[in-house]
Amino acid sequence: MLHHASARCAAGIPDRAGVGLKPEHYREILEQNPDVGYFEVHAENYMGAGGPPHAYLEAIRKRYPLSLHGVGLSIGAAGPLDRAHLSRLKALNERYEPGLFSEHLAWSTHESEFFNDLLPVPYTQETLDIVCRHIDEVQTTLRRQMLLENPSVYVLFEESEIPETEFLALIAARTGCGLLLDVNNVEVSANNAGYDAAKYIDSFPVEHVGEIHLAGNAVAEGEGERLLIDAHGSPVEDSVWGLYRGALSRTGPVPTLIEWDNDVPSWPRLLGEAQKAEAELSRSARQRNRTPARATALA
Numbered sequence: 005m006l007h008h009a010s011a012r013c014a015a016g017i018p019d020r021a022g023v024g025l026k027p028e029h030y031r032e033i034l035e036q037n038p039d040v041g042y043f044e045v046h047a048e049n050y051m052g053a054g055g056p057p058h059a060y061l062e063a064i065r066k067r068y069p070l071s072l073h074g075v076g077l078s079i080g081a082a083g084p085l086d087r088a089h090l091s092r093l094k095a096l097n098e099r100y101e102p103g104l105f106s107e108h109l110a111w112s113t114h115e116s117e118f119f120n121d122l123l124p125v126p127y128t129q130e131t132l133d134i135v136c137r138h139i140d141e142v143q144t145t146l147r148r149q150m151l152l153e154n155p156s157v158y159v160l161f162e163e164s165e166i167p168e169t170e171f172l173a174l175i176a177a178r179t180g181c182g183l184l185l186d187v188n189n190v191e192v193s194a195n196n197a198g199y200d201a202a203k204y205i206d207s208f209p210v211e212h213v214g215e216i217h218l219a220g221n222a223v224a225e226g227e228g229e230r231l232l233i234d235a236h237g238s239p240v241e242d243s244v245w246g247l248y249r250g251a252l253s254r255t256g257p258v259p260t261l262i263e264w265d266n267d268v269p270s271w272p273r274l275l276g277e278a279q280k281a282e283a284e285l286s287r288s289a290r291q292r293n294r295t296p297a298r299a300t301a302l303a
């Protein structure tokens, strides 16, 4: 178990807006040196030893802070972690020394099967023990703190016995991990599960938050109730911006990533989304400076 006074690492991720790095934008970034707080990449896209992706990433890493976001550890699976995958992840962390490393509260493996999705877990004591054991193994292997992301929810389990925000708080307390607050996931889950997104934000254990994610969502086609999908293929919704402001009122400025993984836009359009987040972060900082001094979770 790792213990940290703050969820944020000391390796240089500023309290600014960052963007997910896409191959479509490599050249423009290197030519223009845009004013971006940091870049984030999906770890699994860079687990090969070499090639053009690494050449570009190394060049960008020399100029900007970097965050790694994993999608393949299957933290919530009942079985053991994939040691080979964890070893590759360790090598990638050592190669690029990212300021943040994050993964999902989800599972994607069962015995010898791999599912190309992030599947939900029931919030039970048994699951809590499994997730904490796996996070302890990850942090011990990587010799660093990881952040755990709240999921987007499409189904609920009858056997769940712990509220999601309490479940995340218990994990962070037991393992010393930080939390990644994905605000779009909050909106998606609240819509699909029928709860109040703002109240979820109000109950989130912000003392553990080391990063925030923002993304676009989509409405699933078909009959029946309105279902939101964590699609990452469009601008951030106005409602998500509103939830983000509510989150910042509790956390203060926190590194904030714009995720746009599908139907990747032009670089100027993606940069424009980051600039919106940057404006909200600046507004949050000004508001904090006007507020009488008091103890805060991330002070």
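Residue 5 is where the sequence shown starts when you use our numbering, and the numbers rise one by one after that.
Idealized CB from N, CA, C, for every residue including glycine.
### Message
Could you tell me the alpha carbon to alpha carbon distance between Asp200 and Leu231, rounded to whole angstroms?
### Response
Working through the sequence shown from its first residue, we reach residue 200 at position 196. Working through the sequence shown from its first residue, we reach residue 231 at position 227. The straight-line gap from Cα to Cα measures roughly 15 Å.
### Query
For Ala21, is the classification buried or exposed, using 16 other Cβ atoms within 10 angstroms of its Cβ as the cut-off for buried?
Taking the first residue of the sequence shown as 1, we reach residue 21 at position 17. Ala21 comes out buried.
### Query
Helix, strand or coil: which one does DSSP assign to His236?
Locating residue 236 in the sequence shown gives position 232, counting from the first residue. In the structure shown, His236 sits in coil (DSSP, three-state: anything other than H, G, I, E or B).
### Message
For a test of the three-state rule: what should DSSP assign to Phe171, helix, strand or coil?
### Response
Taking the sequence shown and counting its residues from 1, one reaches residue 171 at position 167. In the three-state DSSP reduction, Phe171 falls in the helix class (H, G or I).
#### Entry: Local conformation of Phe119 per DSSP, three classes
The residue labelled residue 119 in the question sits at position 115 within the sequence shown. Confidence at Phe119 is low in this model, with a pLDDT of 46, below 50, so its placement is unreliable and no value can be given for it.
### Task
Could you check if Met150 is buried or exposed, using at least 16 other CB atoms within 10 Å of its CB as the buried criterion?
Translated into the one-based positions of the sequence shown, residue 150 becomes position 146. Around the beta carbon of Met150, 16 or more other beta carbons sit within 10 angstroms, so the residue counts as buried.
### CB contact flag (Ser156, Val125, <7 Å)
Here residue 156 refers to the residue found at position 152 of the sequence shown. Here residue 125 refers to the residue found at position 121 of the sequence shown. The answer is no: Cβ separation not under 7 Å.
### Message
Restricting to Cα atoms, I'd like to know which of Gly41, Glu241 and Gly80 is closest to Leu261.
### Response
If you number the sequence shown from 1, residue 261 lands on position 257. The shortest Cα separation from Leu261 among Gly41, Glu241 and Gly80 belongs to Gly41.
### Query
Can you tell me whether Leu34 is buried or exposed, with buried defined as 16 or more other CB within 10 angstroms of its CB?
Along the sequence shown, one-based indexing puts residue 34 at 30. Answer is exposed; the Cβ neighbour count stays below 16.
### Task
Starting from the C-beta of Gly24, find all residues in its chain whose C-beta is less than 6 Å away, skip the five residues before and the five after it, and write them out in chain order.
The count along the sequence shown starts at 1 and reaches residue 24 at position 20. So the qualifying residues of the chain are Glu44 and Glu263.
### Task
Since I believe Pro269 is in contact with Pro18 (beta carbons under 8 Å), could you give me their beta-carbon distance rounded to a whole number of angstroms?
Within the sequence shown, the letter at position 14 stands for residue 18. Within the sequence shown, the letter at position 265 stands for residue 269. Not really, about 24 Å apart at Cβ, beyond 8 Å.
#### Entry: Nearest neighbour of Leu285, chosen from Leu72, Tyr50, Ala219 and Ser253 [CA to CA]
For this step, residue 285 is matched to residue 281 along the sequence shown. Closest by alpha carbon: Ser253.
### Message
If you follow the alpha helix (DSSP H) that Ala251 is in, where does it begin and where does it stop?
### Response
Position 247 of the sequence shown, counted from the first residue, corresponds to residue 251. Its alpha helix (DSSP H) spans residues Asp242 to Thr255.
### Query
Which residues in the same chain as Arg67 place their Cβ atom closer than 7 Å to its Cβ, once the five residues preceding and following it in sequence are excluded?
Residue mapping note: residue 67 aligns to position 63 of the sequence shown, counting from 1. For Arg67, the CB contacts under 7 Å within the same chain, skipping 5 residues up- and downstream, are Asn37 in chain order.
### Query
Quick one: what's Phe105 bridged to in DSSP?
In the sequence shown, counting from the first residue as 1, residue 105 sits at position 101. Paired residue(s): Leu72.
### C-beta contact flag for Lys94 and Leu146 at 7 Å
As a working note, residue 94 is residue 90 in the sequence shown. As a working note, residue 146 is residue 142 in the sequence shown. Cβ distance < 7 Å, so Lys94 and Leu146 count as in contact.
### Query
How big is the Cα-Cα spacing for Leu96 and Ala194?
Within the sequence shown, numbered from 1, the residue matching residue 96 stands at position 92. Within the sequence shown, numbered from 1, the residue matching residue 194 stands at position 190. One alpha carbon belongs to Leu96, the other to Ala194, and they sit about 35 Å apart.
### Query
For Glu130, does the count of other Cβ atoms within 10 angstroms reach 16, so buried, or fall short, so exposed?
Against the sequence shown, residue 130 aligns to sequence position 126. Result: exposed.
### Task
Please list, in chain order, all residues of the same chain as Pro239 whose beta carbon is under 7 Å from its beta carbon, the five residues on each side excluded.
Against the sequence shown, residue 239 aligns to sequence position 235. Within the same chain, Pro239 has close Cβ partners Gly220 and Glu277.
### Task
Please work out which residues of its chain come closer than 6 Å, Cβ to Cβ, to Pro102, disregarding the five sequence neighbours upstream and downstream, and give them in chain order.
Working through the sequence shown from its first residue, we reach residue 102 at position 98. Here the set comprises Leu70, Ser71 and Leu72.
### Message
Using DSSP's beta-bridge definition, name the partner residues of Tyr42.
### Response
By 1-based counting over the sequence shown, the position of residue 42 is 38. Gly22, per the DSSP bridge assignment.
### Query
For Leu85, does the three-state DSSP call read helix, strand or coil?
Along the sequence shown, one-based indexing puts residue 85 at 81. In this structure, Leu85 counts as coil in the three-state DSSP scheme.
### Query
For Val213, which of helix, strand or coil comes out of DSSP?
Against the sequence shown, residue 213 aligns to sequence position 209. The DSSP-derived three-state label of Val213 is strand.
### Task
Whole angstroms is fine: what's the gap from Arg65's alpha carbon to Pro209's?
For this step, residue 65 is matched to residue 61 along the sequence shown. For this step, residue 209 is matched to residue 205 along the sequence shown. Computed Cα separation, rounded: 31 Å.
### Query
When DSSP labels each residue in this structure, what does Ala219 get in the three-state scheme?
The residue given as residue 219 occupies position 215 in the sequence shown. Taken through DSSP and simplified to helix, strand or coil, Ala219 comes out as strand.
### Task
Return the CA-CA distance between Val213 and Leu160, expressed in angstroms with no decimal places.
On the sequence shown, position 209 is the one that residue 213 refers to. On the sequence shown, position 156 is the one that residue 160 refers to. When rounded, the distance between both Cα atoms is 24 Å.
### Message
If contacts are defined as beta-carbon pairs under 8 Å, then Val154 and Asp186 qualify, I think. What distance do you get, rounded to the angstrom?
### Response
Walking along the sequence shown from the start, residue 154 turns up at place 150. Walking along the sequence shown from the start, residue 186 turns up at place 182. The residue you asked about is not Val; residue 154 is Asn in the sequence shown. Rounded to the nearest angstrom, the Cβ distance from Asn154 to Asp186 is 6 Å, consistent with a contact under 8 Å.
### Query
Should Glu32 and Val75 be called a contact, given that it needs their Cβ atoms to be closer than 7 Å?
Position 28 of the sequence shown, counted from the start, is the residue given in the question as residue 32. Position 71 of the sequence shown, counted from the start, is the residue given in the question as residue 75. Contact check for Glu32 against Val75 fails: the beta carbons are separated by 7 Å or more.
### Task
Name the residue from Gln291, His29 and Glu28 whose alpha carbon lies nearest to the alpha carbon of Gly250.
To locate residue 250, count along the sequence shown from 1; it is residue 246. Residue Gln291 is the option with its Cα nearest to Gly250.
### Message
Determine whether the beta carbon atoms of Tyr204 and Ser164 lie at a separation below 7 Å.
### Response
In the sequence shown, counting from the first residue as 1, residue 204 sits at position 200. In the sequence shown, counting from the first residue as 1, residue 164 sits at position 160. No, the Cβ-Cβ distance between Tyr204 and Ser164 is not below 7 Å.
#### Entry: Where Thr145 falls: helix, strand or coil (DSSP)
Here residue 145 is taken as the residue at index 141 of the sequence shown, counted from 1. Helix, per DSSP.
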